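To start, the structure under review is shown below, and the notes come after it.
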């Protein structure tokens, strides 16, 4: 499914977020797999699935076609889920957490909301059937 952006700013924000997060993921993969940092198998699998999702979004952006909205909604959902569960854990904790920890979780939630806004308002998906229907009318 081909798609287009309604705003160059939205495209720039999505590309920037994607590149920054992929760079952080590359560092995480290097630490976990190359330097053999101790990590559970579930964590490694979850990490690889997340990287696969972000690479799928990257290839959709490069090719300008594919189910990009679905991938962005899943990625945004993971951001929001991470931020909200982290905030809930901090609120329910008996220990006093630094303000930076709360701020980090709020930033994750805001990033998820921004991704949802970009996917829902700024990306237009055109199906291949629209062009066929219009050519038959003319």
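In my numbering, the protein residues as written are 5 to 142. Where a beta carbon is used, it is the ideal one built from N, C-alpha and C, also for glycine. Treat the numbers as computed from the prediction; the structure is a model and nothing was measured.
Residue i vs residue j beta-carbon contact at 8 Å
i          : j           : result
residue 76 : residue 7   : no
residue 10 : residue 128 : yes
residue 65 : residue 19  : yes
Simplified DSSP state of residue i, which is helix, strand or coil
i           : result
residue 39  : coil
residue 20  : helix
residue 100 : coil
For residue i, the nearest candidate out of the options (CA to CA)
i           : options             : result
residue 119 : 28, 29 and 84       : 84
residue 63  : 116, 86, 115 and 26 : 26
residue 58  : 41, 28 and 87       : 28
residue 79  : 100, 105 and 123    : 123
residue 130 : 18, 70 and 56       : 70
residue 24  : 49, 41 and 55       : 55
Inter-residue spacing [alpha-carbon to alpha-carbon] between residue i and residue j
i           : j           : result
residue 81  : residue 39  : 30 Å
residue 110 : residue 94  : 12 Å
residue 43  : residue 13  : 38 Å
residue 2   : residue 47  : In the structure as shown, the chain starts at 5 and stops at 142, and residue 2 therefore has no counterpart that could be examined.
residue 53  : residue 33  : 12 Å
residue 86  : residue 99  : 20 Å
residue 116 : residue 45  : 26 Å
residue 15  : residue 103 : 31 Å
residue 101 : residue 114 : 20 Å
residue 41  : residue 17  : 32 Å
residue 106 : residue 31  : 23 Å
residue 49  : residue 126 : 32 Å
residue 1   : residue 96  : Look at the range of the chain in this structure, 5 to 142, and you will see that residue 1 is not part of it.
Min CB distance residue i to chain C below 8 Å
i          : result
residue 48 : Absent from the structure is chain C; it holds one protein chain and no more.
Inter-residue CB distance, residue i and residue j (contact presumed, cutoff 8 Å)
i          : j          : result
residue 61 : residue 22 : 6 Å
residue 36 : residue 51 : 7 Å
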